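What follows is a set of notes on a single structure, which appears directly below.
Residue numbers (this note's numbering): 1088 to 1373.
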C-alpha cells in the first residue's frame, strides 16, 4: 500500500494522509489476526490438556533428543506407525502419540517431541508448549542420540541441559544410540555410552539402527521391561455387581489369572501401584 503515499503538487499531502491511514488499517488487521491466532492457540492448548487428562491412566514414554537424532523414525519403528519424518529443524512441533504395544496392559504410549537445539529458549516458544508438557508428564524418557554425528557428545549435553531447565532430570531415562549402522567407530561410542551409566546413573544404553527390526524389537522389550519391574502383583475377588472395577482391571492391569468364585471374580493381576490405588484394589484384597 505504500505506493498510495506517492503524489505531486497539491495532491502530495493528501496522498500521504491516505497512505498513513491505510498503514493504520493494515496494522489493525495484523493485530486482529494475532489476537485470533492467540485465541486459537489457547483453544488448541485446552484440547491438548484434555487429551493428556484422558491419558492419565496410561504409562507414557517421551522420546527426547537433539534435533535430527532420529526420534520420529524410532517411534515409527517402535509402534509400526507413520509419523512425519523430515530431515529439518523442528519438523515435529507438536507431540505425536502412539501406542507402543497395543496388546500390553497397562497401555504404554510413545510420545514424539520436538528436537532440542543450542541457544533456543524452549520454554518461551508457544509452539513447544505441548511437547514440553508431555516431557514433564512422562514416566520414562528415551533419550535418542545420533551415534554417527561427530558432535554427539555436545548434543547429549545440550539435551541434558534442557531437561534440567525443565525440571525433568528426576524422570527415569533410557539412552538410545541410534544410527549405529552409520557409525565409523562403534567401539568408541560403546565405551562412551557405558561411561554415561556411571556419570548419570542411567541403565545400560541401547545401541541400534531404527531400520533394523530385530534391534528395534529389543529396544521395545527394554522399555516394556522397565515398567514391568515397577509393577506389583495383586490378588483380589471383585463382587459380580462391581462391573466398573472389573473393567478398570482389564484396562489397567495385566491379568495373569481369572476365575469365578462364590463371592465374585478372582483376579491375579500385575499393575503399577498408582493404578492399584486409583481403582482401590485394596478393598477387595484376599
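Glycine is no exception: its CB is placed at the ideal position from the N, C-alpha and C atoms. Model, not experiment: these values are computed from the prediction.
Should residue 1113 be labelled buried (16 or more other beta-carbon atoms within 10 Å of its own) or exposed?
The residue you call residue 1113 lines up with position 26 of the chain shown. Residue environment analysis places residue 1113 among the exposed positions, since fewer than 16 neighbouring C-beta atoms fall within 10 angstroms of its C-beta.
What would DSSP say about residue 1318, mapped onto helix, strand or coil?
Your numbering for residue 1318 matches position 231 in the chain shown. Three-state DSSP puts residue 1318 in coil, outside helix and strand.
Residue 1344: first and last residue of the uninterrupted alpha helix (DSSP H) it sits in:
For the purposes of this step, residue 1344 is identified with residue 257 of the chain shown, where counting begins at 1. For residue 1344, no alpha helix (DSSP H) run applies; the uninterrupted beta strand (DSSP E) run containing it begins and ends at 1341-1347, by DSSP.
With a threshold of 6 Å on Cβ separation, who are the neighbours of residue 1228 within its own chain once the five nearest residues in sequence on each side are excluded?
Mapped onto the chain shown, residue 1228 falls at position 141. The residues are 1149, 1151, 1258 and 1260.
Nearest-angstrom Cβ-Cβ length linking residue 1164 and residue 1282, presumed shorter than 8 Å:
What you label residue 1164 is simply residue 77 of the chain shown in a count that begins at 1. What you label residue 1282 is simply residue 195 of the chain shown in a count that begins at 1. With a Cβ gap of about 27 Å, residue 1164 and residue 1282 do not count as contacting.
For residue 1122, which of helix, strand or coil comes out of DSSP?
Along the chain shown, one-based indexing puts residue 1122 at 35. It is helical.
What does DSSP give as the partner residue(s) for residue 1198 in the beta ladder?
To locate residue 1198, count along the chain shown from 1; it is residue 111. DSSP lists 1149 and 1184 as the beta-bridge partner residues of residue 1198.
Within 10 angstroms of its Cβ, does residue 1199 collect 16 or more other Cβ (buried), or is it exposed?
The sequence position of residue 1199 within the chain shown is 112, counting from 1. Classification for residue 1199: buried.
With distances taken between CB atoms, is the gap from residue 1354 to residue 1146 smaller than 8 Å?
Residue numbering aside, residue 1354 sits at position 267 when the chain shown is read from its first letter. Residue numbering aside, residue 1146 sits at position 59 when the chain shown is read from its first letter. Not a contact, by the Cβ cut-off of 8 Å.
Who pairs with residue 1336 in a beta bridge, going by DSSP?
Position 249 of the chain shown, counted from the start, is the residue given in the question as residue 1336. Residue 1336 is not bridged to any residue.
Measure the C-alpha to C-alpha separation of residue 1358 and residue 1226 and round it to an integer number of angstroms.
The count along the chain shown starts at 1 and reaches residue 1358 at position 271. The count along the chain shown starts at 1 and reaches residue 1226 at position 139. Our two residues, residue 1358 and residue 1226, have alpha carbons roughly 14 Å apart in a direct line.
Simplified DSSP assignment, three categories, for residue 1304
Sequence index remark: in the chain shown, residue 1304 carries index 217 (1-based). In this structure, residue 1304 counts as helix in the three-state DSSP scheme.
If we call anything under 8 Å between Cβ atoms a contact, is residue 1366 one with residue 1356?
As a position in the chain shown, residue 1366 is number 279, starting the count at 1. As a position in the chain shown, residue 1356 is number 269, starting the count at 1. No, Cβ-Cβ distance for residue 1366 and residue 1356 is not below 8 Å.
Nearest neighbour of residue 1161, chosen from 1324, 1266 and 1336 [CA to CA]:
Position 74 of the chain shown holds residue 1161. The shortest Cα separation from residue 1161 among 1324, 1266 and 1336 belongs to 1266.
By DSSP, does residue 1155 sit in helix, in strand, or in coil?
In the chain shown, residue 1155 corresponds to position 68, counting from 1. Reduced to three states, the DSSP call for residue 1155 is coil.
Nearest-angstrom Cα separation, counted from residue 1271 out to residue 1363
Working through the chain shown from its first residue, we reach residue 1363 at position 276. Working through the chain shown from its first residue, we reach residue 1271 at position 184. Computed Cα separation, rounded: 48 Å.
Quick one: complete beta strand (DSSP E) runs, 3+ long, within the stretch 1245-1302?
With a minimum length of 3 residues, the continuous beta strand (DSSP E) runs that stay inside the stretch 1245-1302 are 1260-1265.
Can you give me the Cβ contacts of residue 1268 inside the same chain, cut-off strictly under 6 Å, excluding the 5 residues immediately before and after it?
Position 181 of the chain shown, counted from the first residue, corresponds to residue 1268. 1296.
Which whole-angstrom value describes the C-beta separation of residue 1273 and residue 1231, a residue pair presumed to lie in contact below a C-beta threshold of 8 Å?
By 1-based counting over the chain shown, the position of residue 1273 is 186. By 1-based counting over the chain shown, the position of residue 1231 is 144. With a contact defined as Cβ atoms closer than 8 Å, residue 1273 and residue 1231 miss out at about 17 Å.
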